[in-house]
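Engineer:
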Amino acid sequence: MAIGTLNQNPARRPRPARVVGGDRRPRIALLLGDATGIGPEQCARILSDGRLNSVARLVVVGDARVLEMGMRDAGVSLAWHRIADADEADWASPEIPLIDLGNIDPARFERGAVSPESGRLTGETLARAIELARSGQFDAITFAPLNKGAMFKGGWRFPDEHKMFAHLLGHKGHFGEMNVLDGWWMSRVTSHVSLRTALDQITRESICDAISLADATMRRAGIARPRLAVAALNPHGGEGGLFGTEEIEIIRPAVEASAKAGIYCRGPFPSDTVYLKAFAGEYDGVVAMYHDQGQIATKLKGFNRGVTVTAGLDTIFTTPAHGTAFDIVGKGVASTGALEQAVTLAARLAGGVAATDVPPTA
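Our numbering applies: residue 3 is where the sequence shown begins, and numbers increase by one.
Here's what the structure looks like:
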């Protein structure tokens with residue numbers, strides 16, 4: 003598959019939320035995720051619930067057949083209508099507006115299993131949503147869980163969706179994944195690479211980039227002066243060089259440089275205690291050195307509430323921090339808490355409303 007970029011211009015700051023008829027709620031594209039996972043069920047349930055209507059104007063972008071399947075899984079009935087673009091949506095109508103791509107017949111795929119073809123079509127849907135957002139139809143994109151392996155096998159040759167987004171947007175600057183849980187944030191210096199590779203990618207520059215990105219994204223979400231704690235790499239924070247010198251030679255100089263630039267950041271703190279400080283309220287976020295150093299703590303704190311945001315791009319992307327949950331597909335028991343929070347965070351980042359957290363569903 004040939005994968006090109008939609009726009010080669012450098013990333014720019016996203017536009018403010020579109021105001022239509024005095025309605026300041028951001029217009030958010032809601033994508034159903036991989037059709038073989040729990041995403042369709044989650045989307046159907048939050049659309050039926052209706053609590054998010056106060057936060058955003060949601061338009062489903064995907065295939066009507068997948069939405070119908072999600073309704074059956076969730077045990078709900080939704081009235082919906084097809085539209086060609088978001089400008090056609092009737093926000094006074096109780097019906098759900100749907101841009102029907104007609105590209106995914108869920109009957110073709112085994113549910114609860116990795117499907118390269120479903121992964122290919124998931125990527126196709128994401129690419130179309132990006133085009134719509136770039137044209138001004140949407141202020142943000144929230145997508146239900148996808149499967150990275152399925153997308154890669156389906157021809158989207160990226161290690162994760164964040165790099166795919168950056169490629170399609172022609173983004174040339176720094177960007178990265180952040181996680182948000184109960185108002186607490188986590189950024190990473192390295193992400194979806196082997197641990198051996200991650201060690202080579204931890205440099206003063208990459209740490210400063212992660213700190214700066216976290217600060218800017220959290221400010222945009224409404225935190226006036228984010229307080230960041232930076233994790234160490236080695237056991238006991240290196241124990242003064244006894245267990246490694248990265249803290250002395252790389253991490254501390256990066257923290258000091260970032261603080262000198264005006265960012266409230268402290269560290270490095272041993273990674274087995276830094277989260278205790280953050281969860282106790284001393285800090286608003288943690289900058290982790292590698293993937294599992296941050297993900298384990300975050301998911302233990304609230305697996306069904308965590309949100310992932312792609313930070314640093316000119317289009318807003320949010321999604322649940324959990325995956326496709328193949329083991330419970332079709333059972334009607336998928337939690338919607340993280341997806342609700344993903345929509346809410348997208349609305350906050352879009353800046354159209356002062357969105358408040360929606361209580362997560364059990």
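Every residue gets a Cβ at the ideal spot worked out from N, C-alpha and C, and that includes glycine.
Which one of I101, R110, A115 and G304 has the shortest CA to CA distance from L128?
Structural biologist: If we check each option's Cα against that of L128, I101 comes out closest.
Engineer: Reducing DSSP to helix, strand and coil, say where S56 ends up.
Structural biologist: It is helical.
Engineer: Have a look at G296 and P99 and give me their C-alpha separation to the nearest angstrom.
Structural biologist: Taking the straight line joining both Cα atoms gives about 37 Å.
Engineer: For R190, does the count of other Cβ atoms within 10 angstroms reach 16, so buried, or fall short, so exposed?
Structural biologist: By the neighbour-count rule (16 or more Cβ atoms within 10 Å), R190 is buried.
Engineer: Shortest alpha-carbon distance to R59 belongs to which of E126, W158, G39 and D141?
Structural biologist: It is D141.
Engineer: With 16 as the cutoff for other CB atoms within 10 Å, does D36 come out buried or exposed?
Structural biologist: Answer is buried; the Cβ neighbour count reaches 16.
Engineer: Could you have a look at T300 and say whether DSSP puts it in helix, strand or coil?
Structural biologist: It is helical.
Engineer: In this structure, how does DSSP classify M188 when only helix, strand and coil are distinguished?
Structural biologist: Three-state result, M188: strand.
Engineer: So, for T321: in the same chain, excluding its five sequence neighbours on each side, which residues have a beta-carbon less than 6 Å away from its beta-carbon?
Structural biologist: Excluding positions up to five away in sequence, the list reads F145, T310 and A344.
Engineer: Assign N55 to one of two classes, buried (16 or more other C-beta atoms within 10 Å of its C-beta) or exposed (fewer than that).
Structural biologist: Label assigned to N55: exposed.
Engineer: Taking 8 Å as the cut-off, decide whether the C-beta atoms of G72 and P42 are in contact.
Structural biologist: In contact: G72 and P42 (Cβ atoms closer than 8 Å).
Engineer: Please identify the residue among V63, L235 and W93 whose C-alpha is closest to the C-alpha of D25.
Structural biologist: Looking at the Cα atoms, W93 is the closest of the given residues.
Engineer: Please return the same chain residues whose Cβ sits closer than 6 Å to the Cβ of I252, not counting the five positions on each side in sequence.
Structural biologist: Excluding positions up to five away in sequence, the list reads R206.
Engineer: Name, in chain order, the residues that DSSP records as bridge partners for R84.
Structural biologist: DSSP output for R84 lists L100 as bridge partner(s).
Engineer: Let me know the secondary structure DSSP gives L244 once reduced to three states.
Structural biologist: In this structure, L244 counts as coil in the three-state DSSP scheme.
Engineer: Indicate whether L315 and L171 have their beta-carbon atoms separated by less than 8 Å.
Structural biologist: It is a contact, given that the beta carbons lie within the stated cut-off.
Engineer: So what does DSSP say about G353, is it helix, strand or coil?
Structural biologist: In the structure shown, G353 sits in coil (DSSP, three-state: anything other than H, G, I, E or B).
Engineer: Using only the alpha-carbon positions, how far apart do E241 and N306 sit?
Structural biologist: Cα-Cα distance, rounded: 35 Å.
Engineer: Counting only the same chain and skipping the five closest in sequence on each side, list residues whose C-beta sits under 7 Å from that of G239.
Structural biologist: Taken in chain order, the residues that qualify are E249, P270, F271 and P272.
Engineer: Less than 8 Å separating the beta-carbons of S196 and E179?
Structural biologist: No.
Engineer: Report the rounded CA-to-CA distance for A152 versus K165, giving the unit in angstroms.
Structural biologist: Distance between the alpha carbons of A152 and K165: 15 Å.
Engineer: Based on the DSSP secondary-structure assignment, which residues constitute the bridge partners of V331?
Structural biologist: Answer is none; V331 lacks a bridge partner.
Engineer: Taking only the alpha-carbon atoms, compute the straight-line gap between S366 and A348 and give it to the nearest angstrom.
Structural biologist: No statement about residue 366 is possible, as the shown extent of the chain runs from 3 to 364 and does not include it.
Engineer: If I measure Cβ to Cβ from R229 and keep anything under 7 Å in the same chain, skipping five residues before and after, which residues do I get?
Structural biologist: Closer than 7 Å at the Cβ level, and outside the excluded window around R229, lie Y266, Y285 and D286.
Engineer: What are the start and end residues of each continuous alpha helix (DSSP H) run of 4 or more residues lying completely inside the segment 190-224, in chain order?
Structural biologist: Correct list: 197-203 and 206-222.
Engineer: Just reading off the alpha helix (DSSP H) that G125 is part of, what are its end residues?
Structural biologist: P118 to R136 is the extent of the alpha helix (DSSP H) around G125.
Engineer: M291 by DSSP, collapsed to three states: which one?
Structural biologist: M291: coil per DSSP, three-state reduction.
Engineer: Given a cut-off of 8 Å on the beta-carbon distance, is the pair D65 and G104 in contact?
Structural biologist: The answer is yes: Cβ separation under 8 Å.
Engineer: Span of the alpha helix (DSSP H) holding G151?
Structural biologist: G151 -> alpha helix (DSSP H) spans K150 to K155.
Engineer: Report, in whole angstroms, the separation of the C-beta atoms of C210 and S137, which I expect to be a contact under 8 Å.
Structural biologist: About 34 Å separates the two Cβ atoms, so there is no contact after all.
Engineer: Looking at the secondary structure, which residues open and close the alpha helix (DSSP H) in which F281 lies?
Structural biologist: Its alpha helix (DSSP H) spans residues V276 to F281.
Engineer: Do you know how far the Cα of T338 is from the Cα of L80?
Structural biologist: Distance between the alpha carbons of L80 and T338: 17 Å.
Engineer: What does DSSP give as the partner residues of N306 in its beta bridges?
Structural biologist: Beta-bridge pairing links N306 to no other residue.
Engineer: Could you tell me whether the Cβ atoms of V399 and R113 are closer together than 8 Å?
Structural biologist: Outside the displayed span of the chain (3 to 364) sits residue 399, for which this structure offers no information.
Engineer: Between the alpha carbons of V232 and R268, how many angstroms are there, rounded?
Structural biologist: The straight-line gap from Cα to Cα measures roughly 6 Å.
Engineer: Alpha carbon to alpha carbon, what distance is there between T275 and W187?
Structural biologist: If you take the alpha carbons of W187 and T275, they lie about 16 Å apart.
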